[in-house]
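In this text, residue positions in the sequence shown follow this note's numbering: the first is 42, and each later residue adds one. Every residue, glycine too, gets a C-beta built ideally from N, C-alpha and C. Model, not experiment: these values are computed from the prediction. Down below is the structure, laid out as structure tokens.
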Amino acid sequence: MKLDIYEHFHPDEREFVDRAWEWVVNAGQYHETRLTDFLDPRQAFIVESLVNRHPDVHVRFDGGYGEAERKRALIAPDYRDLDAEDMKLKVLSIDSADQKFLSLEHGDYMGSILGLGIKRSKIGDIHVLEHGCHTVVCEEISAFLDMNLNQVHRVHVQSEILPIEQLRTNKVTLEPMDITVASLRLDGIASDVYRLSRSKVLIPIRAGRCRVNWKTVEDPSAPLKAGDVVSMQGFGRFKVLEAGDVTKKGRYRVKIGKFV
């Protein structure tokens, strides 16, 4: 691994960078094909960046539908036709006759699946529907989930494994929020969005529990811009929809969309 590769990534990402570079090298030099688990957008960016460094390797990403956030990557020698490859995606369909089922949220499904000992990387996007839930999962764990997932947040459920072509998706809902801040710093905006004091919001940021565009950011003064997605462990996610307009008092108007 060349040291200059590390310069483009956060120190916390080095372990993943090493693994991804090994996949790329094995594809280019030893003609191996690697189907990864689900990657978040930042990991997918790292993989694509490393693939672009090797002239004999290419990659395909697929999360089950065009706008998927989490995707599996298929890394292979450039002579292979990846469009015809099976990405090993299945749909875990969950429903229930219990009326309480309709009040279940994204985190309830996620917690129940992870509670079975499943790694987050085996799970793609979760779509909470009007009368059920469709979750994209790795094919290799689909039968296990179908057999063992019988309760979500104390609500008894039934499940079924469907082909990826039957996936039903929902649109991401963003709750609008307008704030004015003294600057476009991460800590200032996050403080207002999460309704935390400036001193309290510094704790998770400096502890490495905050990500901007899926990249760990530990600098509270890091500037945010329109389009940035911020997530803070334990507090949820938000997107900066608009930023930059200045009030007469010199404060910045920022339009936020909170993921709900």
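Rounded to the nearest angstrom, what separates LYS256 and ILE202 at their Cα positions? 33 Å
Buried or exposed: VAL301, going by 16 or more other Cβ atoms within 10 Å of its Cβ? exposed
On the premise that SER183 lies in contact with SER134, defined as a C-beta separation below 8 Å, what is that separation, rounded to the nearest angstrom? Contact between SER134 and SER183 does not hold, since the beta-carbon distance rounds to 11 Å and is not under 8 Å.
Which first and last residues belong to the alpha helix (DSSP H) in which LYS241 is found? Start and end: 239-247.
Are the beta-carbon atoms of VAL234 and VAL253 separated by less than 9 Å? Remark: C-beta atoms of VAL234 and VAL253 do not approach each other more closely than 9 Å.
Which same chain residues end up closer than 6 Å to TRP64 when comparing Cβ atoms and leaving out the 5 residues on each side of it in sequence? ARG75, ILE116
State the start and end residues of the unbroken beta strand (DSSP E) segment that holds ASP136. 130-136
Does the beta-carbon distance from LEU130 to ILE159 come in below 9 Å? No, the Cβ-Cβ distance between LEU130 and ILE159 is not below 9 Å.
Using beta-carbon positions only, say whether VAL98 and ALA114 come within less than 9 Å of one another. no
Buried or exposed: which applies to LEU227, given that a residue is buried once 16 or more other Cβ atoms fall within 10 Å of its Cβ? buried
How would you call ILE297, buried or exposed, if buried means at least 16 neighbouring beta carbons within 10 angstroms? buried
Which partner residues does MET273 have in the DSSP bridge list? CYS251, GLY277
Thinking just about the alpha-carbon of each residue, which of TYR120, GLY229, ASP81, VAL242 is nearest to the one in LYS266? GLY229
Would you call ARG94 buried or exposed, if buried means 16 or more other Cβ atoms sit within 10 Å of its Cβ? exposed
Quick check: the Cα distance between ARG60 and GLN84, rounded to an integer number of angstroms? 11 Å
Between which two residues does the alpha helix (DSSP H) holding LEU155 run? 147-155
Quick one: grab the DSSP three-state call for ALA284. strand
Inspect the beta-carbon positions of SER153 and LEU208 and report whether they are closer than 9 Å. no
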